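Sequence lines, in order, name chains Y and Z. Just so we're aligned: 237 in my numbering is position 237 of the first sequence, and the numbers increase by one with no gaps anywhere. One gets my numbering by counting positions in the second sequence from 1 and adding 419 to each. One structure below.
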Amino acid sequence: MKRNLILAAVIAGSFTGSAMAQTELSLWYHGAGSANAEEALVNQLVEEFNASQSDWKVVIETFPQLAYNDAVGAAALAGNLPDILDVDGPIMPNWAWANYMQPLGIDEAKLEGYLPGTIGRWNGDVYSVGLWDAAVALTTRKSTLDKYGIRVPTLDEPWSLDEFNGALEKIAASGDFEYPLDLGMAWKGEWYPYAFSPLLQSFGGDIIDRSTYKTAEGALNGDEALAFGEWWQSLFENKFAPGTSQDAADRDNGLLEGKYALSWNGNWAALPVVEAFGDDALFLPAPDFGNGSKIGAASWQFGISANSEHPEGARAFIEFALQDRWFSAFSDGTGLIPVTASAAAGTKNYNPGGPLEVFYDLSKAQALVRPVTPGYIVQAKVFEKALADIANGADVADTLDAAVDEINEDIERNSGYGH
Amino acid sequence: MAVVSADNRGLRLGARYAVLVLVAVIFVFPLLFMAMSSLKPDQQLLSDTDSLRAFLPVGDISLNNYFAAFERAPIGVFVFNSVLVTGITVILALFVCSLAAFAFVFLDWSGRGFIFSVLLATLIIPYESIFIPLLLMASQLPWIGTGGFEIGWLNTYRVQIIPFVADGLSIFLFVQYFKDLPRELIEASRVEGASWWFVYRKVVLPLSGPVIATAAILKFLFMYNQYLWPLMVVQAEEIRPVMVGLGYFTDQLNVPWGEVMAYLTIITVPVLAFYLSLQRAFIASVASTGVKG
Numbered sequence: 001m002k003r004n005l006i007l008a009a010v011i012a013g014s015f016t017g018s019a020m021a022q023t024e025l026s027l028w029y030h031g032a033g034s035a036n037a038e039e040a041l042v043n044q045l046v047e048e049f050n051a052s053q054s055d056w057k058v059v060i061e062t063f064p065q066l067a068y069n070d071a072v073g074a075a076a077l078a079g080n081l082p083d084i085l086d087v088d089g090p091i092m093p094n095w096a097w098a099n100y101m102q103p104l105g106i107d108e109a110k111l112e113g114y115l116p117g118t119i120g121r122w123n124g125d126v127y128s129v130g131l132w133d134a135a136v137a138l139t140t141r142k143s144t145l146d147k148y149g150i151r152v153p154t155l156d157e158p159w160s161l162d163e164f165n166g167a168l169e170k171i172a173a174s175g176d177f178e179y180p181l182d183l184g185m186a187w188k189g190e191w192y193p194y195a196f197s198p199l200l201q202s203f204g205g206d207i208i209d210r211s212t213y214k215t216a217e218g219a220l221n222g223d224e225a226l227a228f229g230e231w232w233q234s235l236f237e238n239k240f241a242p243g244t245s246q247d248a249a250d251r252d253n254g255l256l257e258g259k260y261a262l263s264w265n266g267n268w269a270a271l272p273v274v275e276a277f278g279d280d281a282l283f284l285p286a287p288d289f290g291n292g293s294k295i296g297a298a299s300w301q302f303g304i305s306a307n308s309e310h311p312e313g314a315r316a317f318i319e320f321a322l323q324d325r326w327f328s329a330f331s332d333g334t335g336l337i338p339v340t341a342s343a344a345a346g347t348k349n350y351n352p353g354g355p356l357e358v359f360y361d362l363s364k365a366q367a368l369v370r371p372v373t374p375g376y377i378v379q380a381k382v383f384e385k386a387l388a389d390i391a392n393g394a395d396v397a398d399t400l401d402a403a404v405d406e407i408n409e410d411i412e413r414n415s416g417y418g419h
Numbered sequence: 420m421a422v423v424s425a426d427n428r429g430l431r432l433g434a435r436y437a438v439l440v441l442v443a444v445i446f447v448f449p450l451l452f453m454a455m456s457s458l459k460p461d462q463q464l465l466s467d468t469d470s471l472r473a474f475l476p477v478g479d480i481s482l483n484n485y486f487a488a489f490e491r492a493p494i495g496v497f498v499f500n501s502v503l504v505t506g507i508t509v510i511l512a513l514f515v516c517s518l519a520a521f522a523f524v525f526l527d528w529s530g531r532g533f534i535f536s537v538l539l540a541t542l543i544i545p546y547e548s549i550f551i552p553l554l555l556m557a558s559q560l561p562w563i564g565t566g567g568f569e570i571g572w573l574n575t576y577r578v579q580i581i582p583f584v585a586d587g588l589s590i591f592l593f594v595q596y597f598k599d600l601p602r603e604l605i606e607a608s609r610v611e612g613a614s615w616w617f618v619y620r621k622v623v624l625p626l627s628g629p630v631i632a633t634a635a636i637l638k639f640l641f642m643y644n645q646y647l648w649p650l651m652v653v654q655a656e657e658i659r660p661v662m663v664g665l666g667y668f669t670d671q672l673n674v675p676w677g678e679v680m681a682y683l684t685i686i687t688v689p690v691l692a693f694y695l696s697l698q699r700a701f702i703a704s705v706a707s708t709g710v711k712g
């Protein structure tokens with residue numbers, strides 16, 4: 001009898017054990033050492049997901065951002081990608097095209113009302129979705145605009161090209177600032193296409209012809225792009241903005257220290273401005289250079305790797321993350337923009353009347369994702385170099401023509417990137 | 420005449436010391452800049468770069484960057500991993516490469532000239548160009564360990580060590596050095612009945628201090644500075660080396676330069692300690708073979 005009881009207990013125990021066993025899912029995250037709340041929140045998200053159900057256990061591996069994309073490329077080559085990938089929005093089409101990722105398979109009705117930049121689509125499928133977005137604004141002080149008799153622009157009525165140039169000229173003529181405008185030229189890399197390609201798009205140009213994604217001809221070197229290039233160069237020739245040799249410390253503190261009147265900067269840098277200037281702080285929409293005001297969109301997002309053996313588990317994790325409470329938590333922790341209006345209402349910065357509410361509106365009204373093409377990773381670097389060269393005095397037409405040639409050659413080498 | 424000659428000697432000596440001091444300054448100042456910058460806040464660090472203050476512990480000096488760096492990244496783990504991987508690789512490489520060189524120089528076997536030529540040819544192939552096939556191989560190699568039989572070496576210490584144990588440069592260095600050893604010593608030992616293993620261990624190795632030091636330092640520097648290979652083959656933070664760890668100190672837009680300098684100062688210590696411990700033998704080797712790092 002005793003032996004039977006023990007046997008029954010062992011059998012019951014083994015059944016219980018197998019029922020309780022969670023299948024491991026690997027998740028790679030890019031933010032190791034980021035020294036902000038984001039990594040802690042991702043860890044908390046993973047812990048709560050693991051505790052919320054008994055089928056899956058997500059195991060997180062963090063990478064420094066500098067090495068992350070290379071590590072993913074190597075892992076794809078060696079066939080050991082994780083189940084869940086963290087991917088930067090504009091990079092996603094490249095990873096989807098290269099077969100690093102598979103469609104999310106999430107009911108798109110669940111994504112209704114999300115900010116446009118938070119949903120990553122490629123070839124008609126949703127491959128990634130973000131828990132936050134970021135936006136850029138012209139940051140300044142109301143008292144500065146009042147002093148020089150400059151109109152405060154609104155979302156409905158942003159500055160025109162002439163108004164914007166006029167404002168810069170007035171401020172420059174006063175001699176009160178080292179430069180009227182800080183564009184953040186000290187920041188390199190993705191900042192250039194993220195922050196500056198929307199200005200080109202507002203002129204009517206683009207990095208690439210989005211109707212086909214097969215050429216940059218006409219988009220990056222057409223009349224609109226040339227007009228943008230000439231205007232861009234004039235900002236530096238007229239000493240309206242510091243150029244590529246801008247001091248990184250000035251980029252961080254120049255507005256607060258009174259060196260610049262206006263600063264083209266992101267919502268992540270907005271809170272210190274609110275703290276320093278209080279009600280005098282203004283976050284203004286991008287000027288409309290003729291084709292509507294535009295700002296960049298799409299930040300880091302989650303997706304499922306192509307060789308995940310448990311896409312249903314990865315999907316369950318991502319769906320678990322798509323809750324207003326997580327959007328609000330990430331926003332409160334990192335200062336980034338929550339994905340939905342209902343989540344924004346629950347945040348300390350983006351709620352109606354909150355100090356950064358304007359950024360949610362900017363993101364919703366003006367955001368334009370960077371070119372949705374696998375070739376973007378090359379195009380972004382070509383665009384960055386072209387803008388830096390033009391800022392440093394290179395011939396505008398020649399530089400843009402050379403950039404077009406480089407982009408087109410890359411597209412040709414890659415057989416059109418699947419477009 | 421004698422007085423003029425003494426003056427000339429003094430002048431020559433003075434000029435020589437002046438050049439040496441200048442060269443020393445050129446070599447020391449980057450290290451000094453790194454160490455001093457690690458004590459300053461970012462803003463001061465950047466503004467000091469246009470003056471000699473960059474090399475002096477002046478202004479707002481503190482250890483805050485070190486505290487922040489330790490908070491940002493598991494520096495102790497990274498240093499331990501690098502020292503472990505580098506140390507084991509250096510020891511294994513010295514053994515394997517010196518044995519190979521011994522075989523090339525002292526043993527008489529057919530085809531050694533051809534194989535040595537092939538080995539030398541590998542010196543002109545950059546490691547980066549073979550990383551992709553090496554990665555594919557490493558992901559498929561078998562292994563029998565504590566967990567039993569398994570396929571794939573990725574995400575382990577061994578994938579950071581074994582591919583770098585044998586290399587053409589170290590074997591070449593040993594071959595060149597062994598060729599200059601007196602053949603009489605080897606022949607005398609063999610006549611006395613010593614085995615080749617005995618000759619290698621008791622005759623050749625004890626005479627090879629300088630080349631061992633040189634090969635060890637070159638290997639140490641190569642291994643300690645590894646970035647691309649561990650980036651591709653190691654995903655787990657607990658076995659990540661120092662150079663990949665440097666990525667913890669940059670994000671998309673900002674670089675905390677003070678913390679970067681603090682991290683670099685910390686990870687430079689093992690390199691300096693290793694080099695200084697072998698400095699005398701290394702200089703002897705450079706003087707005798709003309710090979711330096």
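Glycine included, each C-beta is placed from N, C-alpha and C at the ideal position. Remember, it's a predicted structure, so these values are computed and weren't measured experimentally.
Between residue i and chain Z, is there a C-beta pair that is closer than 9 Å?
i	result
Y:Asp440	One cannot answer for residue 440 of chain Y here, as it falls past the ends of chain Y, which runs 1 to 419.
Y:Asn414	no
Y:Trp187	yes
Y:Ala341	no
Y:Phe63	yes
Y:Asn238	no
Y:Leu255	no
Y:Gly335	no
Y:Ala78	yes
Hey, quick one: how far does the beta strand (DSSP E) through residue i stretch, first residue to last?
i	result
Z:Ser501	First-last for Z:Ser501: Ile494 to Phe525, but that is the alpha helix (DSSP H), not the beta strand (DSSP E).
Y:Asn265	Tyr260 to Gly266
Y:Ala367	Ala367 to Val369
Y:Asp176	Taken as a continuous stretch (DSSP letters only), Y:Asp176 belongs to no beta strand (DSSP E), as it is neither H nor E.
Run through the DSSP bridge pairs and tell me what residue i is partnered with.
i	result
Y:Lys57	Y:Glu24
Z:Pro561	Z:Ile570
Y:Arg141	Y:Ala281
Y:Met101	Y:Ser305
Y:Val129	Y:Ile119 and Y:Phe302
Y:Val87	Y:Gln301
Y:Tyr29	Y:Thr62
With residue i as the anchor, note down where its alpha helix (DSSP H) starts and where it stops.
i	result
Y:Pro287	Element bounds for Y:Pro287: n/a, residue is neither H nor E.
Z:Gly587	Gly587 to Lys598
Z:Asp467	Asp461 to Asp467
Y:Pro311	Pro311 to Ala321
Z:Ala635	Gly628 to Tyr643
Z:Ile658	Run containing Z:Ile658: none; DSSP gives neither H nor E here.
Y:Lys381	Tyr376 to Ala391
Does any residue of chain Y have a CB that is nearer than 9 Å to the CB of residue i?
i	result
Z:Glu547	no
Z:Asn574	yes
Z:Val652	yes
Z:Ala492	yes
Z:Val447	no
Z:Ala557	yes
Z:Gly712	Only weak support exists for where Z:Gly712 lies, its pLDDT of 44 falling under 50; the coordinates are left without a value.
Z:Ala692	no
Z:Thr565	no
Z:Ser456	no
Our contact map puts residue i next to residue j with C-beta atoms below 8 Å; I'd like the distance itself, whole angstroms only.
i	j	result
Y:Asp133	Y:Ala321	With a Cβ gap of about 15 Å, Y:Asp133 and Y:Ala321 do not count as contacting.
Y:Ser202	Y:Gly292	6 Å
Z:Asn554	Y:Ala78	According to the sequence displayed, residue 554 of chain Z carries Leu and not Asn. Indeed, because the Cβ distance is near 6 Å, the residues count as touching under 8 Å.
Y:Leu138	Y:Ala286	7 Å
Once the 5 residues before and after residue i are set aside, which same chain residues still bring their CB inside 6 Å of it?
i	result
Y:Trp232	Ile390
Z:Tyr619	Phe521
Z:Ala421	For Z:Ala421, the predicted model reports a pLDDT of 48, less than 50, meaning its position is unreliable and no value from the coordinates is stated.
Y:Ile407	Ala216, Gln379 and Val382
If you drop the 5 nearest sequence neighbours on each side, which residues of the same chain put their C-beta closer than 8 Å to that of residue i?
i	result
Y:Pro311	Asp83, Gln102, Gly105 and Ile304
Z:Pro625	none
Just checking residue i against the ligand ADP - is the residue's beta carbon closer than 8 Å to any of the ligand's heavy atoms?
i	result
Y:Gly120	Of ligands this structure carries none, so the ligand ADP is not represented either.
Looking only at its chain, what residues have a beta carbon closer than 7 Å to the beta carbon of residue i, apart from the 5 residues adjacent to it on each side?
i	result
Z:Pro460	Asp479 and Gly677
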